Amino acid sequence: MADRPPAPARPGWRHSLKTRLALWIGAGAALVAGLAGIGLHQVAERRALAAGEAALQRELRRAGAELRALLGGVEVAARTLAHAQAGIGGDDPAPARALLDAAVHSEPLLAGGLLVLGQPGAMSVEAPPAYYAKRHGEGLRQVRATDAAAAADPRPTGWQAPSFNPLAGNRWTVGHHRVLDAPGGRVRLDLPLDALNRSLMPFRDDPRLHALLFKEGTLVGDSRWRSIGTPPPADPRSIALLALLAEGPEGRPQPLADGRRGLAEALGGDWRLVVLLDEAATLAPLQALTWRFVGGTAVAILLLGLLGNALARRITQPLVRLGQSAGELAQDGFALPTDLLLRKDEIGQLARALDAADTALRQQLARSQRLAQEQQKLDSELRLAHDLQQSMLPASRTVEVAEGRLELHAQLRPAKSVGGDFYAFHPREDGMVWFAVGDVSDKGVPAALFMARTVAVLEATARNTDSPALMLARAAPRLAEGNEGCMFATTLCGLVDPHTGLFELASSAHELPRIVRADGRVEVFAMETGAPLGIDPEAYGEGQAGMLAPGDCLFCFSDGVTDARDRHGRLFGEERLHAVLAQPGRSAAERVAGVLAAVDAFTEGAEPADDITVLAVGLVAPAQAAGNALRFELWPAGLRAMERTIEDCLVRHGVDKAARGEVRLVLEELLANALDHGGASDCVVELAFEDAAIRLRIEDDGHAFDPLATPTLELDADDPDRPVGGLGIHLVKTLALDAGYVREGDRNRLTLVLPRNPP
Amino acid sequence: MTEPLEIRFEGSAPKFTCRIAGQLDTHTYQHADAALEPLLADPAVQLLVLDLEGLEYISSAGLRTVFKARKALSARGGKLLVANLQPQIRKVFDLVKAVPFSEIFRSTEEADAYLDAMQKRVLSGDEE
Chain A
1308 MADRPPAPAR PGWRHSLKTR LALWIGAGAA LVAGLAGIGL HQVAERRALA AGEAALQREL
1368 RRAGAELRAL LGGVEVAART LAHAQAGIGG DDPAPARALL DAAVHSEPLL AGGLLVLGQP
1428 GAMSVEAPPA YYAKRHGEGL RQVRATDAAA AADPRPTGWQ APSFNPLAGN RWTVGHHRVL
1488 DAPGGRVRLD LPLDALNRSL MPFRDDPRLH ALLFKEGTLV GDSRWRSIGT PPPADPRSIA
1548 LLALLAEGPE GRPQPLADGR RGLAEALGGD WRLVVLLDEA ATLAPLQALT WRFVGGTAVA
1608 ILLLGLLGNA LARRITQPLV RLGQSAGELA QDGFALPTDL LLRKDEIGQL ARALDAADTA
1668 LRQQLARSQR LAQEQQKLDS ELRLAHDLQQ SMLPASRTVE VAEGRLELHA QLRPAKSVGG
1728 DFYAFHPRED GMVWFAVGDV SDKGVPAALF MARTVAVLEA TARNTDSPAL MLARAAPRLA
1788 EGNEGCMFAT TLCGLVDPHT GLFELASSAH ELPRIVRADG RVEVFAMETG APLGIDPEAY
1848 GEGQAGMLAP GDCLFCFSDG VTDARDRHGR LFGEERLHAV LAQPGRSAAE RVAGVLAAVD
1908 AFTEGAEPAD DITVLAVGLV APAQAAGNAL RFELWPAGLR AMERTIEDCL VRHGVDKAAR
1968 GEVRLVLEEL LANALDHGGA SDCVVELAFE DAAIRLRIED DGHAFDPLAT PTLELDADDP
2028 DRPVGGLGIH LVKTLALDAG YVREGDRNRL TLVLPRNPP
Chain B
244 MTEPLEIRFE GSAPKFTCRI AGQLDTHTYQ HADAALEPLL ADPAVQLLVL DLEGLEYISS
304 AGLRTVFKAR KALSARGGKL LVANLQPQIR KVFDLVKAVP FSEIFRSTEE ADAYLDAMQK
364 RVLSGDEE
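If you read the sequences in order, they're chains A and B.
Residues are numbered in our numbering as their position in the first sequence, beginning at 1, plus a constant of 1307.
Residues are numbered in our numbering as their position in the second sequence, beginning at 1, plus a constant of 243.
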């Protein structure tokens, strides 16, 4: 089993779905709570302030009414006393004193009253009689007032500033003073400060409100002052406040700079009541509520977050389990937990999908393994096929004959395991050696199969056919038959005579072979070629004969050699091939190895593109070859080819030009004569080299004819009308050093000896 | 395969020079015959110099072509001269006495000089 990649790490808490869900829920709740809280707070603030203002107005009205009634009552009592005193008159103070008691009694809150009765003689140094009626329990007690108390008060009728009043029992009082109609008389009713301040008592219970009572510019009462019986300390700010509110509109509380709102009401006379609403105190309960709301909301959000986390855990935990399981997908023992598979939610769907993926993966794995096994099997079959194909190719071979030996050496290098190239050679019963080189279109197995068939057909036809051209002609229809795949093979087919080196080749569109001469010259063996085998049943090439001299080599190859490419895509080409071949004195095996080594070096590192096949046929002369005759047959190549091969042969045996010309002349005259006039079809020439002579043996199957027996020709150079026949025979007879004729059976045999170095 | 025989003509009636190069044998003599045929058929042509400097090989078939040309020309009083024979050709010509010794020249110039001299002789009426 191949190594698996490590399982992916679990996501960190910061990336976990749980955290994100919790955070998002918390953030959402916080946002909603925040917006709602702010809205509610604003509404509540407005309402609280409105309620405060309403309370302010209500309390102001109430306190105002109480104070107005109290003050009014005192003023009425004083006025009544004054008017009654005027009616009484006289010097008796008793009625006046009774009136004083009645006046103090009329207002139960009064602390007491002072009555000063003016004397008629204003010049009197004695102080006028003054009486002070003071509350004593439920009743009153009148005392004679002191001189100081009875001293004339210069002020006119009205309320006096608060003062410490020893007469009223050491209390702070506010006196209402009224001048009597009688001269010098006056009355003063003392209202205790706590009676006034009692109206301000309800304000003490309301922290929002603050009431202030002014008399002219003096602060008389303050709901926040700890004692109701004493006047509060004078505060400049309170005085300034009075001025500020005096300018404001009546009825509605007026906002002040210090966060308070105020409303003032005149109580008559110079009394003035001011009520202030402290916004901070008004909103204080709301503030506390707000903090409680914030705290509660925070707790609720925290709880929601925890709830989200818990909910997310229910989702992520199965996901984590799925993730861990998926890491072992398609491994032995992989199984998804059943509870996950049975779930009806998305987790279940995911689990089932994973389960299906596991099944598919297992099937895929099994298929891959099967494919790998099949590939392995195919590879081994291909290896077998390769071995089989290589075993079909004959090993190198040497055919020994008296005149020397013929070496056949070949090598095939398939581009793939099996290839479409082929070669074959084997000696025939008649002593000729048959060989073939071919290249099937395409590569690989189909090419190899067609190649096997081609070789079999060629070998069969080669056995009983005497001409390579005819072999191809006979093989063509057999290979074209049933060739649905339209495969074809270029083939070069040949017969070589190991005795003489004479060969005939026929080609069906194959690469032209090269002849490497003993001295290293490389010649392209030009010839006509037919169509490739396999397509056209009637297509085949003409035969072409040639001659190998000792040391020569016929080199056949497939186009895989010249078309081999290096890493840069350059072709090996003919020039490189010729350069490798152009070396004298190499054997067939060495030439094959040399070319393959050159191709290998050239294609170093490149992918082999095509099969490479080379076949070399080399003729090697024996050491004692000079004494033995060389045999040439007119068939199959014709007179001209035979002449050329004999010429080549003579060149290689060091025969000079003049002697070559004479050999050629003699052979032409005799053979042309036998063919044209003697009806011969089968002519054989044998050449033997002697020290100073060349021995020719010419054999034909024509009519019996002894050229030596012809009459000597009369030659007259000056006669332009002389007969033109017989010149050839004349030349033969003249040039030959020695000649002999014999008729054996149906064959003419003529022996001629020509000088090796003619005069 | 390249044709081993090459024939080129020069000159104008009545005198032509024919350069024959290559090999004149049983395989090629028909080409030579065909090439010479229009010239020989033209009665205006009186003199033909065969320049054989490039001829490497000749056989009896080629000799017959030379004979036929010579015969055709002499039939109307014309003349065939050969020049520039290579040794092996000269040998064959000698062996079959192909043309009179006096009609073989070492070069075309020599043949021309001979022809000029002959023409003069005709013009001076020094005919025997």
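All residues carry an ideal CB built from backbone N, CA and C; glycine is no exception.
Model, not experiment: these values are computed from the prediction.
- Query: Under 8 Å between C-beta atoms, does residue 274/B make it to chain C?
  - Reply: Reference to chain C is not applicable here, since the protein chains of this structure are A and B.
- Does DSSP classify residue 2008/A as helix, strand or coil? The three-state reading of DSSP puts residue 2008/A in coil, since its state is none of H, G, I, E or B.
- Message: Between residue 1984/A and chain B, is the shortest Cβ-Cβ distance under 8 Å, so that the two count as touching?
- Response: Chain B places no beta carbon closer than 8 Å to that of residue 1984/A, leaving this residue out of the contacts.
- Query: Can you tell me whether residue 1933/A is buried or exposed, with buried defined as 16 or more other CB within 10 angstroms of its CB?
  - Reply: Unreliable positioning characterises residue 1933/A in this predicted model, as indicated by a pLDDT of 46, which lies under 50. The coordinate reading is nonetheless provided below. By the neighbour-count criterion, in which 16 or more other beta carbons inside 10 Å mark a residue as buried, residue 1933/A falls on the exposed side.
- Message: In this structure, how does DSSP classify residue 1941/A when only helix, strand and coil are distinguished?
- Response: In this structure, residue 1941/A counts as coil in the three-state DSSP scheme.
- According to DSSP, is residue 1483/A helix, strand or coil? Residue 1483/A falls in the strand class under three-state DSSP.
- Message: Among the candidates 1613/A, 1612/A, 1652/A and 1661/A, whose CA atom is the shortest distance from the CA of residue 1630/A?
- Response: With distances taken between CA atoms, residue 1630/A lies nearest to 1661/A out of 1613/A, 1612/A, 1652/A and 1661/A.
- Just the Cα atoms here: how many angstroms apart are residue 1580/A and residue 1404/A? Rounded to whole angstroms, residue 1580/A and residue 1404/A show a C-alpha spacing of 34 Å.
- Message: Mapping the DSSP letters down to three states, classify residue 2029/A as helix, strand or coil.
- Response: Here residue 2029/A sits in coil by DSSP.
- Query: Quick one: complete beta strand (DSSP E) runs, 3+ long, within the segment 1515-1547 of chain A?
  - Reply: Within the segment 1515-1547 of chain A, the runs of beta strand (DSSP E) at least 3 residues long that lie entirely inside it are, in chain order, 1516-1522 and 1525-1529.
- Query: According to a CB-to-CB cut-off of less than 8 Å, which residues of the segment 335-358 of chain B neighbour chain A?
  - Reply: When C-beta distances to chain A are compared with 8 Å, the residues of the segment 335-358 of chain B below that value are 335, 338, 339, 340, 341, 342, 343 and 344, in chain order.
- Could you give the distance in angstroms between the alpha-carbon of residue 1479/A and the alpha-carbon of residue 1601/A? Approximately 50 Å, taken between the alpha carbons.
- Can you name, in chain order, every residue of its own chain whose Cβ lies under 8 Å from the Cβ of residue 1752/A, other than the five neighbours on each side? Counting only residues of its own chain and dropping the five nearest sequence neighbours on each side, residue 1752/A has a CB closer than 8 Å to the CB of 1689, 1692 and 1725.
- Put residue 1762/A into one of helix, strand or coil per three-state DSSP. Helix.
- Item | residue 1950/A burial status per 10 Å Cβ neighbour count (16 or more: buried) | Residue 1950/A is buried by the Cβ-count criterion.
- Message: Can you tell me whether residue 257/B is buried or exposed? The criterion is at least 16 other CB atoms within 10 Å of its CB, across all chains shown.
- Response: Exposed, because fewer than 16 other Cβ atoms sit within 10 Å of the Cβ of residue 257/B.
- Buried or exposed: where does residue 1341/A fall if 16 or more other Cβ atoms within 10 Å of its Cβ makes it buried? The residue is exposed, with fewer than 16 neighbouring Cβ atoms inside 10 Å.
- Item | Selection from 1534/A, 1532/A, 1572/A and 1537/A that minimises the alpha carbon distance to residue 1550/A | Taking residue 1550/A as reference, the option from 1534/A, 1532/A, 1572/A and 1537/A with the minimal CA-CA separation is 1572/A.
- Item | Cα-Cα separation between residue 1318/A and residue 1628/A, rounded to whole angstroms | So the alpha carbons of these two residues sit roughly 13 Å apart.
- Just confirm the distance between the C-beta atoms of residue 2099/A and residue 1424/A, as a whole number of angstroms; I'd bet it's less than 8 Å. Here chain A has residues from 1308 to 2066 only, and residue 2099/A is not among them.
- Hey, does residue 2054/A have any beta-carbon neighbour from chain B nearer than 8 Å? Taking Cβ atoms only, chain B never reaches closer than 8 Å to residue 2054/A, which makes this a no.
- Message: What would DSSP say about residue 1430/A, mapped onto helix, strand or coil?
- Response: Model confidence at residue 1430/A stands at a pLDDT of 49, short of 50, so the residue's coordinates are unreliable; what they give is reported in the following sentence. Correct three-state label for residue 1430/A: coil.
- Query: Along chain B, in chain order, which residues have C-beta atoms closer than 9 Å to that of residue 2038/A?
  - Reply: What residue 2038/A touches in chain B: 302, 303, 306, 335, 338 and 339.
- What residue ranges within the segment 1942-1989 of chain A form continuous alpha helix (DSSP H) runs of no fewer than 4 residues, ordered along the chain? List check, alpha helix (DSSP H) in window: 1946-1959 and 1964-1983.
- Query: Tell me which same chain residues have a C-beta within less than 6 Å of the C-beta of residue 1851/A, skipping the five on either side of it?
  - Reply: The residues are 1812 and 1834.
- Item | Alpha-carbon to alpha-carbon, residue 2045/A and residue 1977/A | Their Cα atoms are separated by approximately 15 Å.
- Item | Short CB-CB distance (under 8 Å) between residue 310/B and chain A | Chain A contact via Cβ: present.
- Message: Is residue 2061/A close to chain B? Criterion is C-beta to C-beta, closer than 8 Å.
- Response: Not flagged as an interface residue toward chain B: residue 2061/A, since no C-beta distance is shorter than 8 Å.
- In chain B, which residues lie with their C-beta within 7 Å of the C-beta of residue 1776/A? The contacting residues do not exist; residue 1776/A stays about 17 Å from chain B at best.
- Query: Hey, would you say residue 290/B sits closer than 8 Å to residue 320/B, going by beta carbons?
  - Reply: Taking the C-beta atoms as reference points, residue 320/B is found no nearer than 8 Å to residue 290/B.
- Between the segment 2004-2013 of chain A and the segment 1971-1986 of chain A, are three or more C-beta pairs nearer than 8 Å? The answer is yes - the segment 1971-1986 of chain A touches the segment 2004-2013 of chain A, with three or more Cβ pairs under 8 Å.
- Item | Inter-residue Cα distance where the pair is residue 1797/A and residue 1822/A | Rounded to whole angstroms, residue 1797/A to residue 1822/A spans 19 Å at the Cα level.
- Query: Roughly how many whole angstroms lie between the Cα atoms of residue 1607/A and residue 1326/A?
  - Reply: Approximately 17 Å, taken between the alpha carbons.
- Query: Looking at C-beta atoms only, is the number of pairs between the segment 1906-1915 of chain A and the segment 1704-1715 of chain A that lie closer than 8 Å three or more?
  - Reply: Between the segment 1906-1915 of chain A and the segment 1704-1715 of chain A there are fewer than three C-beta pairs closer than 8 Å, too few to call the two in contact.
- Going straight from the alpha carbon of residue 2053/A to that of residue 271/B, what length do you get? In a straight line, the C-alpha of residue 2053/A is about 31 Å away from that of residue 271/B.
- Task: Starting from residue 274/B, follow the alpha helix (DSSP H) in both directions and report where the run begins and ends.
- Result: Secondary structure note for residue 274/B: its alpha helix (DSSP H) is the uninterrupted segment 272-284.
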